[in-house]
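Shown next, in structure tokens, is the structure this report addresses.
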Amino acid sequence: MYLNINRKTVMFMELLVPAGDINSFYAAINNGADAIYLSGKMFGARSYAKNFTDDELKTVLKLGKIYGVKIYVTMNTLVKENEVEAFLKEVEFLYSLGVDAILMQDFGMISLCLKKYPNLTIHASTQVNSSSYETIKLLYEMGVKRVVLPREMSIDEIKKIDIPIEIEVFIHGALCVSYSGNCLFSSMLGGRSGNRGECVGSCRLPYKIYKDKTLIDEGYLLSMKELNTSSDIKTLPSNVVSLKIEGRMKSPSYVSFITKYYRKILDGEELSTKDLEDLKSMFYRGFTKGHLFNDSDLINKKSPNHLGSHLGKVIDVNDERIRIELDRPLLQGDGIRFKESNKGMIVNYLYDLKDNLINKGNPKQIVEVDNKVKLTSLDEVRKTTDKSLEITDFTITRKVPINIDVKARVGEVFTLSFSDLIHSVTYSGNVVEKSINNPISKERLISQLEKLGNTPFVSKHINVDMDEDIFIRIGDLNIARRTLSERLIGERLNDYKEPIINEVTFDKINTKDIIDLEDYQEVERNPFNIKDVLKDKSIASNLFRPTTDVIASYHLNVFNSYTAYYLYKLGYKAVTLSVELNNIELKELIESIRKRFGNIPIVIKTKSYVEVMIIKGNILNIDKDTPYTLVNVKNDKFKTYFDGRCTHINSSYSLDLDEKELEFDNVYFMGGKL
Numbered sequence: 001m002y003l004n005i006n007r008k009t010v011m012f013m014e015l016l017v018p019a020g021d022i023n024s025f026y027a028a029i030n031n032g033a034d035a036i037y038l039s040g041k042m043f044g045a046r047s048y049a050k051n052f053t054d055d056e057l058k059t060v061l062k063l064g065k066i067y068g069v070k071i072y073v074t075m076n077t078l079v080k081e082n083e084v085e086a087f088l089k090e091v092e093f094l095y096s097l098g099v100d101a102i103l104m105q106d107f108g109m110i111s112l113c114l115k116k117y118p119n120l121t122i123h124a125s126t127q128v129n130s131s132s133y134e135t136i137k138l139l140y141e142m143g144v145k146r147v148v149l150p151r152e153m154s155i156d157e158i159k160k161i162d163i164p165i166e167i168e169v170f171i172h173g174a175l176c177v178s179y180s181g182n183c184l185f186s187s188m189l190g191g192r193s194g195n196r197g198e199c200v201g202s203c204r205l206p207y208k209i210y211k212d213k214t215l216i217d218e219g220y221l222l223s224m225k226e227l228n229t230s231s232d233i234k235t236l237p238s239n240v241v242s243l244k245i246e247g248r249m250k251s252p253s254y255v256s257f258i259t260k261y262y263r264k265i266l267d268g269e270e271l272s273t274k275d276l277e278d279l280k281s282m283f284y285r286g287f288t289k290g291h292l293f294n295d296s297d298l299i300n301k302k303s304p305n306h307l308g309s310h311l312g313k314v315i316d317v318n319d320e321r322i323r324i325e326l327d328r329p330l331l332q333g334d335g336i337r338f339k340e341s342n343k344g345m346i347v348n349y350l351y352d353l354k355d356n357l358i359n360k361g362n363p364k365q366i367v368e369v370d371n372k373v374k375l376t377s378l379d380e381v382r383k384t385t386d387k388s389l390e391i392t393d394f395t396i397t398r399k400v401p402i403n404i405d406v407k408a409r410v411g412e413v414f415t416l417s418f419s420d421l422i423h424s425v426t427y428s429g430n431v432v433e434k435s436i437n438n439p440i441s442k443e444r445l446i447s448q449l450e451k452l453g454n455t456p457f458v459s460k461h462i463n464v465d466m467d468e469d470i471f472i473r474i475g476d477l478n479i480a481r482r483t484l485s486e487r488l489i490g491e492r493l494n495d496y497k498e499p500i501i502n503e504v505t506f507d508k509i510n511t512k513d514i515i516d517l518e519d520y521q522e523v524e525r526n527p528f529n530i531k532d533v534l535k536d537k538s539i540a541s542n543l544f545r546p547t548t549d550v551i552a553s554y555h556l557n558v559f560n561s562y563t564a565y566y567l568y569k570l571g572y573k574a575v576t577l578s579v580e581l582n583n584i585e586l587k588e589l590i591e592s593i594r595k596r597f598g599n600i601p602i603v604i605k606t607k608s609y610v611e612v613m614i615i616k617g618n619i620l621n622i623d624k625d626t627p628y629t630l631v632n633v634k635n636d637k638f639k640t641y642f643d644g645r646c647t648h649i650n651s652s653y654s655l656d657l658d659e660k661e662l663e664f665d666n667v668y669f670m671g672g673k674l
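Each residue of the sequence shown is one higher than the one before, starting from 1 at the first, in UniProt numbering.
Pasting the structure below:
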């Protein structure tokens, strides 16, 4: 846990910060992150981030151990059958480096890795969609250390989780409108799967919604505001151990600011008005407290873009210049946006009213900027980037506080100890002699031992037990200090469990069960208590341990044979393969299942529409159980309805697979049902 020696009060929750590249990692380290989550070049749910090479992963894992920052690597995409070997190779690479945890989504890979790598800590990604109590209970029983809760879960629901598993919640950043792991919108609309780290943000586009042929509403109807719980995080229940900030696609400057912002809150420092305005300058789509705090104000249908913070107003405009009356400082190089026209620009040149170039305008000052955006009307001006908040120096400045103990008694061996509260190292020097004419003072001794500037350490407390009038060479003190610094670094680097790799065996399934799909009913999606909604024969979309006849729906994302096997072994009567796989991939997957695990009953969904989004609440403000049509700019039409609890959006086209290619024994085709 990050230690600020001067903190007033403490919330002992982990501050978990994103890093999409190495500079963002340094920004997080320097500004008080307790833990950092990041990804290698493969299998991370933000494939469009820069991410980390293998050499960079080695570096950050080493630095994490030295500076006491936990490193969690995200491998939270779904894994295709032909990728399993590469996935396990990457896991073993990270395992060998002492990674603190790996986040996973794919249930087959979670199950396999828990058995194969018993010392590996696995966190269940929010992509697992652990929205149900029974899901969380199952993950705990399997050996998952931590669950990242879906953003849809409320405080009241979190309080009901009496399972001894670590709980991680999102406290700030971009929000998905659909339950994570269950969103197929990007995949079905553009062929880029959010479950594969390729989401193109289809929810940030404009839509119209119709009831019959009547236009009901239009705008950015699915574009969520930014989550911001900074005023309320002290009310989070005590079973929450980790506070997560979204933002692996954000800049190092954003990571620096947002880490420092929440570090202040957790350390009991007061936020200033400037802090709050700067927060909006970093990124702002409008803020919401989200489902976590039951905030119903979730959508900004006017704009999906960064709106910035209030800066001033346009008081005059012509073809050449825009005249602005400032309410906040404006620097040359800042980014600004004109609210109503939605036009933005970088202020390359800033002028005073005497046409002098200036590098800063102050509150209440009137300044001019070049009219590069062809603005024609008066408008509010907002700051979208702040030059003063940009960081360019990524030298690590963080220090690990240590206790120093020194004993220097005449006739006894000189001893020096460094301790970081977990590790302790001791150096024994020469026998201390009485000084003849050049004794070392206590102050000089302390000053010399606290010269830790080029090390990761800083002296928090030094205890000196020494005689007066003793002689110790300054060079000997320097050697002792350097030796212990190196030893303590070594102790911190070795602070992880040795990897253990087990052989995992599987039994062959040879079931004679015959599935009649007509007997099965789909049940309510994502309830907190799954057992409350089960029928005699159910099609369920949530992960749990069935005790009745249940078919695993396509929302359980079966991409590989291991997921199919482990779901069947859990007790699902049959497993539905992912609707994101094409004919060739489905055929290869079925063949792999048959070869490796036997005749597990398989369901394939075809000749029907699929649910591409399930959204908590009635964000579109539509009537219950009434058909609506959501339409995008390409005139794709999505059947939409609200069931009283969730909003459901279905695909604009029907699946149409070549069933003849997929006719294997114990394979069933489902059409019509979602």
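All residues carry an ideal CB built from backbone N, CA and C; glycine is no exception.
For residue i and residue j, which I take to be in contact (beta-carbon distance under 8 angstroms), what is that distance rounded to the nearest angstrom?
i: residue 265; j: residue 172; result: So it is not a contact: roughly 10 angstroms between Cβ atoms.
i: residue 388; j: residue 307; result: Not a contact, Cβ separation roughly 19 angstroms.
i: residue 542; j: residue 195; result: Actually they are not in contact, since the Cβ atoms of residue 542 and residue 195 sit about 16 angstroms apart, beyond 8 angstroms.
i: residue 120; j: residue 95; result: 5 angstroms
i: residue 25; j: residue 16; result: At roughly 13 angstroms, the Cβ-Cβ gap does not stay under 8 angstroms, so residue 25 and residue 16 are not in contact.
i: residue 369; j: residue 321; result: 7 angstroms
i: residue 75; j: residue 103; result: 7 angstroms
i: residue 118; j: residue 500; result: 5 angstroms
Look at residue i and residue j and say whether their C-beta atoms are less than 8 angstroms apart.
i: residue 314; j: residue 324; result: yes
i: residue 113; j: residue 91; result: yes
i: residue 282; j: residue 517; result: no
i: residue 576; j: residue 550; result: no
i: residue 72; j: residue 35; result: yes
i: residue 601; j: residue 574; result: yes
i: residue 152; j: residue 291; result: yes
i: residue 410; j: residue 467; result: yes
i: residue 638; j: residue 651; result: yes
i: residue 357; j: residue 427; result: no
i: residue 242; j: residue 14; result: yes
i: residue 105; j: residue 77; result: yes
i: residue 359; j: residue 329; result: no
i: residue 597; j: residue 581; result: no
i: residue 675; j: residue 256; result: Residue coverage of the chain in this structure runs from 1 to 674, which leaves residue 675 outside it and unanswerable.
i: residue 459; j: residue 404; result: yes
Determine the closest residue to residue i out of the options, with distance taken between C-alpha atoms.
i: residue 371; options: 358, 348 and 391; result: 348
i: residue 33; options: 206, 262, 122 and 422; result: 262
i: residue 649; options: 177, 109, 571 and 170; result: 177
i: residue 161; options: 529, 667 and 581; result: 529
i: residue 522; options: 487, 598 and 610; result: 610
i: residue 476; options: 465, 445, 505 and 463; result: 445
i: residue 378; options: 343, 487, 251 and 385; result: 343
i: residue 218; options: 660, 620 and 645; result: 620
i: residue 572; options: 579, 580 and 563; result: 563
i: residue 228; options: 163, 295, 191 and 215; result: 295
i: residue 397; options: 589, 454 and 53; result: 454
i: residue 216; options: 646, 635, 659 and 629; result: 629
i: residue 212; options: 647, 640, 663 and 425; result: 640
Is any heavy atom in the ligand PLP found nearer than 7 angstroms to the beta carbon of residue i?
i: residue 359; result: The model on display carries no ligand, and the ligand PLP is accordingly not part of it.
What does the alpha-carbon distance come out to for the pair residue i and residue j?
i: residue 520; j: residue 536; result: 8 angstroms
i: residue 492; j: residue 654; result: 56 angstroms
i: residue 168; j: residue 203; result: 25 angstroms
i: residue 657; j: residue 188; result: 14 angstroms
i: residue 55; j: residue 98; result: 14 angstroms
i: residue 624; j: residue 644; result: 6 angstroms
i: residue 19; j: residue 214; result: 46 angstroms
i: residue 383; j: residue 662; result: 56 angstroms
i: residue 277; j: residue 385; result: 12 angstroms
i: residue 631; j: residue 154; result: 30 angstroms
i: residue 69; j: residue 63; result: 8 angstroms
i: residue 674; j: residue 568; result: Note on residue 674: pLDDT 45, under 50, position unreliable in the model; no value is reported.
i: residue 163; j: residue 146; result: 11 angstroms
i: residue 555; j: residue 182; result: 6 angstroms
**Asked** Can you list, in chain order, the stretches of the alpha helix (DSSP H) that have 4 or more residues and sit fully within the region 440-479?
**Response** Within the region 440-479, complete alpha helix (DSSP H) segments of at least 4 residues are found at 442-449, given in chain order.
**Message:** Just to confirm the assignment: which complete beta strand (DSSP E) runs, minimum length 3, are found wholly within the region 231-259?
**Reply:** The beta strand (DSSP E) runs of length 3 or more contained entirely in the region 231-259 are, from start to end of the chain, 240-245.
**Request:** Write down every uninterrupted run of the beta strand (DSSP E) in the region 124-149 whose length is 3 residues or greater and which is fully enclosed by it, in chain order.
**Result:** Runs of the beta strand (DSSP E) lying entirely within the region 124-149 and spanning at least 3 residues, in chain order: 146-148.
**Request:** Just list the alpha helix (DSSP H) runs in the region 477-540, keeping only unbroken ones of 4 residues or longer that don't cross its boundaries, in chain order.
**Result:** The region 477-540 contains no whole alpha helix (DSSP H) run of 4 or more residues.
**Request:** Just list the alpha helix (DSSP H) runs in the region 549-598, keeping only unbroken ones of 4 residues or longer that don't cross its boundaries, in chain order.
**Result:** At a cut-off of 4 residues, the continuous stretches assigned as alpha helix (DSSP H) that sit fully inside the region 549-598 are 561-570 and 583-597.
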